[in-house]
Every structure is written in structure tokens, then in C-alpha cells.
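What follows is a short report on a single structure.
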Amino acid sequence: EPEVTQTPSHQVTQMGQEVILRCVPISNHLYFYWYRQILGQKVEFLVSFYNNEISEKSEIFDDQFSVERPDGSNFTLKIRSTKLEDSAMYFCASSARLGAAGEQYFGPGTRLTVT
Amino acid sequence: QKEVEQNSGPLSVPEGAIASLNCTYSDRGSQSFFWYRQYSGKSPELIMFIYSNGDKEDGRFTAQLNKASQYVSLLIRDSQPSDSATYLCAVENSGNQFYFGTGTSLTVIP
Numbered sequence: 009e010p011e012v013t014q015t016p017s018h019q020v021t022q023m024g025q026e027v028i029l030r031c032v033p034i035s036n037h038l039y040f041y042w043y044r045q046i047l048g049q050k051v052e053f054l055v056s057f058y059n060n061e062i063s064e065k066s067e068i069f070d071d072q073f074s075v076e077r078p079d080g081s082n083f084t085l086k087i088r089s090t091k092l093e094d095s096a097m098y099f100c101a102s103s104a105r106l107g108a109a110g111e112q113y114f115g116p117g118t119r120l121t122v123t
Numbered sequence: 020q021k022e023v024e025q026n027s028g029p030l031s032v033p034e035g036a037i038a039s040l041n042c043t044y045s046d047r048g049s050q051s052f053f054w055y056r057q058y059s060g061k062s063p064e065l066i067m068f069i070y071s072n073g074d075k076e077d078g079r080f081t082a083q084l085n086k087a088s089q090y091v092s093l094l095i096r097d098s099q100p101s102d103s104a105t106y107l108c109a110v111e112n113s114g115n116q117f118y119f120g121t122g123t124s125l126t127v128i129p
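As given, the protein sequences belong to chains A and B, one line each in that order.
The first sequence begins at 9 in the numbering used here and counts up by one.
The second sequence begins at 20 in the numbering used here and counts up by one.
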């Protein structure tokens, strides 16, 4: 069964450093998403991406965040200058369709720890 | 005002009983509604989606949507210990943004 994969599973970085989180969505999916979940808190939408551009983004997704689909398979989230409060689990998701029938499949997540 | 609200629980039901999970949302223009299950330390797993008023059944799960009341629920029939998890309600609002509730922790007691 196809699945979303994410690497690395755990990333430790120092405050102020740049990190890139990587995702490989399901191959025939067209819509891609990033979410984060701070430990013990709810899943928060960051951004959606379609046709090589951002479709929607939340208030959390400020100038320090960027997304890219550098090739036909990878989807990345870059955090330019990490802060302690960026420590969280970051989930990538993909779906074949948008909206009501847009079932999103989540990857296993990358745990980001900023020290 | 929170976009999506759920009782955090914990909700405990005996094995074989019906578990009822509830969710309300604030954006009346919301289009799509999802229920995810999340085991501790794992990623959310989609259980059901619904976008029309009424009930939608899939096996032991039934999602119910009432747009007038801005209310979504999930019923789990014949609850099993393996159903013990946190259940997340998610809503796609009129701006195509996705909001999750904080989740309801369910424990099914053998």
C-alpha cells in the first residue's frame, strides 16, 4: 500500500540554525500539506501546496518557513532560523483531490528538537 | 473563538459498547469534515470524512453532520480495546484551511 514517507524521523538542531524536513508524498497525489503538533497539543495546519505553489497558509507559516517541491517526488519544509518554540512533530500529508473528497494521508512525522 | 472544539475526555466505555465523540466548529461556511484516529506517538490516520448533512456509515463507524448546528459526531459501535486512541475532528473551513480539534481520548475497557 502506498504511503507518505518523511525523513529524518528525528532532527536535533541549535536555535538559529536552518533545517529542512523532507517528505515523499504518495506518487499520484497532487495536494501536499504540512502540519505541526507541539507535544500534548493539537495538530496545527501550516500550509497546503498544489501545482508548484502555496494554496493556503496559516498564521503560523510566517517568513521563516518555506516549502518547495524540488523534483517530482520530494516536498520539503524549510525553517530558516529555528526558535525553541519550533520544537514539535512535523507531519507531511498528501491527497489526490481537494476538498470534500480530499482524503489526506499523513506521514509518520519528523520530531524536531531545537536546543 | 476556537475553530474546532472537542471534549478532551478521557472517555471510557466498556468493550462492546457504543462510543460517541462530538465536535463543534465555528465557521458556518466549512465544507468538509474529517475524523482521524491518533495513537500515542503516531501520526493521524483518517477514519472517515463527511460533507453532507446526515449520517455516513462505514463498518463500525458512523459519522453524523448537522451543518445548521455546526456539529459533527462519530459513533463507534461494538467498541474494541484496539479503538483506544485519541480521536481528532478536523474541519476544512471556507478558506480551504484545515483546523483540528484538540482530540478526545477514548479508552475501551476489556
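Yeah, the Cβ is synthetic: ideal placement off N, Cα and C, and Gly gets one too.
Looking from the CA of GLY35(B), the closest CA among MET67(B), ASP97(B), ASP77(B) and SER51(B) belongs to ASP97(B).
Counting only runs of 4 or more residues that sit fully inside the segment 34-79 of chain A, no alpha helix (DSSP H) segment turns up. Of all residues in the segment 48-79 of chain A, those with a C-beta nearer than 9 Å to a C-beta of chain B are GLN49, LYS50, VAL51, GLU52, PHE53, SER56, SER63, GLU64, LYS65 and SER66, reading in chain order. Of all residues in the segment 14-26 of chain A, none has a C-beta nearer than 8 Å to a C-beta of chain B.
With a threshold of 7 Å between beta carbons, PHE114(A) makes contact with chain B.
Here ILE28(A) has THR84 and LYS86 as same chain residues with Cβ atoms under 6 Å from its own Cβ, once five neighbours each way along the sequence are excluded. Put simply, the backbone Cα of PRO78(A) is about 11 Å away from that of VAL32(A). Of the residues assessed, LEU47(A) falls on the exposed side of the cut-off, its CB having fewer than 16 other CB atoms within 10 angstroms. Exclusion of the five residues before and after THR105(B) leaves GLN57, GLY122 and SER124 as the residues of its chain whose Cβ lies within less than 6 Å of its Cβ.
Between ARG47(B) and GLN89(B), the beta carbon gap of about 6 Å places them in contact (Cβ cut-off 8 Å).
A buried status is given to HIS37(A), since no fewer than 16 other beta-carbon atoms sit within 10 Å of its beta-carbon. Relative to the Cα of CYS100(A), the nearest Cα in the group GLU26(A), GLN25(A), GLN45(A) and GLY24(A) belongs to GLN45(A).
Interface annotation, THR121(B): in contact with chain A, CB-CB separation under 7 Å.
Under the Cβ criterion of 7 Å, LEU65(B) is counted among the residues facing chain A.
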